[in-house]
Amino acid sequence: MKVLFVVSEVEDLVKTGGLADVGKALPLALAELGHEVVVVMPYYRQLAEKFNAHDIVEKQKLFSGYTAYEFGIKELNLQGVKILAVDRPEFFARKGLYADDYHAYLDNAERFAFFAHAALKSAQAIHFQPDIVHCNDWHTALTPYFVSIDDSGFFANSRTIFTIHNGAYQGTHRFKDIPYLQPHYQLHGQLDGDALNYVRMGIRYANKINAVSPNYGQELLSPLGSHYLFEEFQRRQHDVTGILNGCDYSQWDPNTDPHIAQTYNVDDLAGKYVCKADLQREAGLPQLTEIPVIGMVCRLTEQKGFSFILPILEELLQHRVQVVIIGTGDPEITHTLNDIAARYPDKLTFIEDFSVRKAHMIEAGSDFFLMPSLFEPCGLNQMYSLAYGTLPIVRAVGGLKDTVIDVASDPENATGFSFITPDSSALLSCIRRALIFFHEDQGAFEKVKKTAMRTHFTWRQAAENYVALYHSAR
Numbered sequence: 035m036k037v038l039f040v041v042s043e044v045e046d047l048v049k050t051g052g053l054a055d056v057g058k059a060l061p062l063a064l065a066e067l068g069h070e071v072v073v074v075m076p077y078y079r080q081l082a083e084k085f086n087a088h089d090i091v092e093k094q095k096l097f098s099g100y101t102a103y104e105f106g107i108k109e110l111n112l113q114g115v116k117i118l119a120v121d122r123p124e125f126f127a128r129k130g131l132y133a134d135d136y137h138a139y140l141d142n143a144e145r146f147a148f149f150a151h152a153a154l155k156s157a158q159a160i161h162f163q164p165d166i167v168h169c170n171d172w173h174t175a176l177t178p179y180f181v182s183i184d185d186s187g188f189f190a191n192s193r194t195i196f197t198i199h200n201g202a203y204q205g206t207h208r209f210k211d212i213p214y215l216q217p218h219y220q221l222h223g224q225l226d227g228d229a230l231n232y233v234r235m236g237i238r239y240a241n242k243i244n245a246v247s248p249n250y251g252q253e254l255l256s257p258l259g260s261h262y263l264f265e266e267f268q269r270r271q272h273d274v275t276g277i278l279n280g281c282d283y284s285q286w287d288p289n290t291d292p293h294i295a296q297t298y299n300v301d302d303l304a305g306k307y308v309c310k311a312d313l314q315r316e317a318g319l320p321q322l323t324e325i326p327v328i329g330m331v332c333r334l335t336e337q338k339g340f341s342f343i344l345p346i347l348e349e350l351l352q353h354r355v356q357v358v359i360i361g362t363g364d365p366e367i368t369h370t371l372n373d374i375a376a377r378y379p380d381k382l383t384f385i386e387d388f389s390v391r392k393a394h395m396i397e398a399g400s401d402f403f404l405m406p407s408l409f410e411p412c413g414l415n416q417m418y419s420l421a422y423g424t425l426p427i428v429r430a431v432g433g434l435k436d437t438v439i440d441v442a443s444d445p446e447n448a449t450g451f452s453f454i455t456p457d458s459s460a461l462l463s464c465i466r467r468a469l470i471f472f473h474e475d476q477g478a479f480e481k482v483k484k485t486a487m488r489t490h491f492t493w494r495q496a497a498e499n500y501v502a503l504y505h506s507a508r
């Protein structure tokens, strides 16, 4: 099949989060299966500075009423996959992708309404007639709508897929603040008050909707997990599914990882103990093998479970345990972590930063990885943790439920620890189970580590599932 993959960021080119991982890995995996894939993304300033690419066709124009939106199309290459980059400097030649620091651009609705349409025009300009137009998150959620109203005949046989990576971010904007859409009078009936919700539009117009894990797909069909779009998902319930993301093991493999003190593998774990000592040294903690280390790498937001963590953190630190947290985000969370770390310098290290090296150090050097998310569409860190023999402690939601098997529920196949109730006491109880398991039965602990390391979630399998979804849309 011919697949037009429309996405706002791609790893190795520009990245702000996990969406970029999918933007790179899934097109590559689809191409390896023999499908012809073209990725379309904005030509951000970072790309212009890095590549200084030239237009591959003459300037294109899209019209909104009597206003012409001119743009160029650059061509980049990612391991053999063609990348089309939509170049309109007025929209994309900026410091950030979506924001300057923490302040979202006021015209994001306009920028990505235009991009959602320009992606189709770009495919048409190079005569790439797709069987599937695969859109991702709110930034491209209007593309299925533009396919539905296209009167050129070019996309008459194209089917659209809308993947929801995080349904909490819906792209809701006042309609009057989106000049590009003003002539589209049919959208007036789609408004919620005076606002247009881009994700709602994707749900309504795409041929198939999918989430980035099977369990998150089910959660979207529930009142609690639908991010206030329950009725929309219910109307399309037969077209909603979930496909688990894969993991890029070329970057996350303890046997080849250049960022860790000593490599190791499932048959020889000696290097993991070296990595633990290295992490303790880097974090300024006592280098004690017999003390379990709980690591955490994440954005400091409520979604990541800090409303559960902070109330019980000092109580947790009364146990024989060390905790290392690295991340940036909410200033109140940052302040609280710094305050507690100052009172427990031998037990808690908080690093207000992010670096690839430190993230890898925590994955390799920790005994447990903490991920008690309020919601987690897929999650990647728990997959990294499994690969490194670092047992995840997770809340059983979204992709975390799909990827981590609790010791209590299935001892033979267990890979970590999980809890359900979204509160601090349930989290503390789960962590205590993990600590008891570590202290009382090292043999069983080693067995679970090795089971975790043999667990893999490949992008090839994910791509095969997407191909099946593509066929179902046709």
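Just so you know, we're using my numbering here: the sequence shown kicks off at 35 and counts up by one.
Beta carbons: idealized from backbone N, C-alpha and C, even for Gly.
**Report entry** Reference Leu-322; option with closest CA among Arg-354, Gln-94, His-88, Ile-343
**Finding:** The residue with the shortest Cα to Cα distance from Leu-322 is Arg-354.
Query raised in the report: Using the C-alpha atoms, what's the distance from Asn-241 back to His-207?
Result: Straight-line Cα distance between these residues: approximately 24 Å.
Query raised in the report: Between which two residues does the beta strand (DSSP E) carrying Ala-102 extend?
Result: For Ala-102, the enclosing beta strand (DSSP E) starts and ends at 101–112.
Query raised in the report: Who pairs with Cys-509 in a beta bridge, going by DSSP?
Result: In the structure as shown, the chain starts at 35 and stops at 508, and residue 509 therefore has no counterpart that could be examined.
Query raised in the report: Can you tell me whether DSSP reads Phe-149 as helix, strand or coil?
Result: It is helical.
Query raised in the report: Residue range of the beta strand (DSSP E) that Ser-98 falls in?
Result: Its beta strand (DSSP E) spans residues 94–98.
Query raised in the report: Residues bridged to Ala-229 by DSSP?
Result: The partner list for Ala-229 (beta bridge, DSSP) reads Arg-208, Asp-226.
Query raised in the report: For Tyr-262, is the classification buried or exposed, using 16 other Cβ atoms within 10 angstroms of its Cβ as the cut-off for buried?
Result: Burial call: exposed.
**Report entry** Option nearest Gly-280 by Cα separation, candidates Ala-102, Ala-421, Val-40, Glu-386
**Finding:** Closest by alpha carbon: Ala-421.
**Report entry** Alpha-carbon spacing of Tyr-103 relative to Ser-182, whole angstroms
**Finding:** If you take the alpha carbons of Tyr-103 and Ser-182, they lie about 20 Å apart.
Query - Sub-7 Å separation of Ala-150 and Leu-176 beta-carbons - result: Yes, the pair counts as a contact, with Cβ atoms nearer than the cut-off.
Query raised in the report: Which whole runs of the beta strand (DSSP E) in the region 347–435 are 3 residues long or more, in chain order?
Result: Every beta strand (DSSP E) stretch that sits fully inside the region 347–435 and reaches 3 residues is listed by chain position as 356–360, 382–385, 402–405, 425–429.
Report task. Please check the pair Met-35 and His-69, which I expect to be a contact at CB under 8 Å, by giving their CB distance rounded to whole angstroms. Result -> Rounded, the Cβ-Cβ distance is 5 Å, consistent with contact.
Requested in this report: Throw me the rounded Cβ distance for the Gly-450 and Ile-427 pair, which I believe falls under 8 Å.
Outcome: Taking 8 Å as the upper bound for CB-CB distance, Gly-450 and Ile-427 are in contact here, some 7 Å apart.
**Report entry** Spatial neighbours of Gln-271 in its chain, beta-carbon cut-off 7 Å, leaving aside the 5 residues before and after
**Finding:** If we look at Gln-271 and ignore the five residues flanking it on each side, its Cβ neighbours are Leu-255.
Requested in this report: Tell me whether Gly-477 is buried or exposed, calling it buried when 16 or more other Cβ atoms sit within 10 Å of its Cβ.
Outcome: Around the C-beta of Gly-477, fewer than 16 other C-beta atoms lie within 10 Å, and the residue is accordingly described as exposed.
Requested in this report: Look at the Cβ atom of His-218, then the Cβ atom of Ile-195, and state whether they are nearer than 7 Å.
Outcome: If you check the CB distance, His-218 and Ile-195 do not come in under 7 Å.
Query raised in the report: Under a three-way DSSP split, which group does Ile-237 fall into?
Result: DSSP places Ile-237 in helix when its eight states are reduced to three.
Query raised in the report: Taking the C-alpha atoms as reference points, what is the distance between Ala-127 and Glu-349?
Result: Spanning the alpha carbons of Ala-127 and Glu-349 requires a straight line of approximately 48 Å.
Report task. On a CA-only basis, which of His-490, Val-74, Gly-51 is nearest Trp-286? Give me that one, please. Result -> The candidate whose alpha carbon is nearest that of Trp-286 is His-490.
Report task. Could you tell me the distance, in whole angstroms, from the CA atom of Tyr-77 to the CA atom of Thr-485? Result -> Linking Tyr-77 to Thr-485 through their CA atoms gives a straight-line distance of about 43 Å.
Requested in this report: Between the Cα of Tyr-307 and those of Gly-318, Ala-295, Asp-364, Asp-301, spot the shortest distance and give me the residue it belongs to.
Outcome: Out of Gly-318, Ala-295, Asp-364, Asp-301, Ala-295 has the C-alpha closest to the C-alpha of Tyr-307.
Query raised in the report: Going by Cα to Cα distance, which pick from Asp-171, Gly-187, Phe-125, Leu-140 is closest to His-161?
Result: That would be Gly-187, whose Cα lies nearest to the Cα of His-161.
**Report entry** Span of the beta strand (DSSP E), counted from its first residue to its last, around Ile-243
**Finding:** 242–245 is the extent of the beta strand (DSSP E) around Ile-243.
**Report entry** Beta-carbon gap between Ala-147 and Ile-212 smaller than 7 Å
**Finding:** A contact, by the Cβ cut-off of 7 Å.
Requested in this report: Closer than 8 Å by C-beta to Asp-291: which residues in its own chain qualify, once you throw out the five before and the five after it? Chain order, please.
Outcome: So the qualifying residues of the chain are Thr-297, His-394, Ala-398.
Query raised in the report: Can Gly-205 and Tyr-232 be called in contact, C-beta distance under 7 Å?
Result: A contact, by the Cβ cut-off of 7 Å.
Query raised in the report: Looking at the structure shown, is Ala-87 part of a helix, part of a strand, or coil, going by DSSP?
Result: Three-state DSSP puts Ala-87 in coil, outside helix and strand.
Requested in this report: Can you say whether Asp-440 is buried or exposed, counting buried as having 16 or more other CB atoms within 10 angstroms of its CB?
Outcome: Its Cβ being crowded by 16 or more others within 10 Å, Asp-440 is buried.
Query raised in the report: Taking all protein chains shown into account, do 16 or more other C-beta atoms lie within 10 angstroms of the C-beta of Ser-400, making it buried, or fewer, making it exposed?
Result: By the 10 Å Cβ count, Ser-400 comes out buried.
**Report entry** Nearest-angstrom Cβ-Cβ length linking Pro-326 and Phe-402, presumed shorter than 8 Å
**Finding:** Their Cβ separation, rounded to whole angstroms, is 6 Å, which keeps Pro-326 and Phe-402 in contact under 8 Å.
Report task. Out of Glu-480, Leu-469, Leu-64, Phe-409, point me to the one whose CA is closest to Gly-423's CA. Result -> Closest option to Gly-423, Cα to Cα, is Glu-480.
Query raised in the report: Can you list, in chain order, the residues of its chain whose CB lies under 7 Å from that of Lys-338, leaving out five sequence neighbours each side?
Result: Contacts found: Cys-332, Ser-407.
**Report entry** Contact under 7 Å by Cβ, Arg-193 with Ile-237
**Finding:** When the beta-carbon positions are compared, Arg-193 and Ile-237 stay at least 7 Å from each other.
**Report entry** Three-state secondary structure (DSSP) of Phe-39
**Finding:** Three-state DSSP puts Phe-39 in a strand.
Query raised in the report: Nearest to Thr-370 by alpha carbon, out of Leu-334, Asp-121, Gln-80, Lys-435?
Result: Nearest C-alpha to Thr-370: Leu-334.
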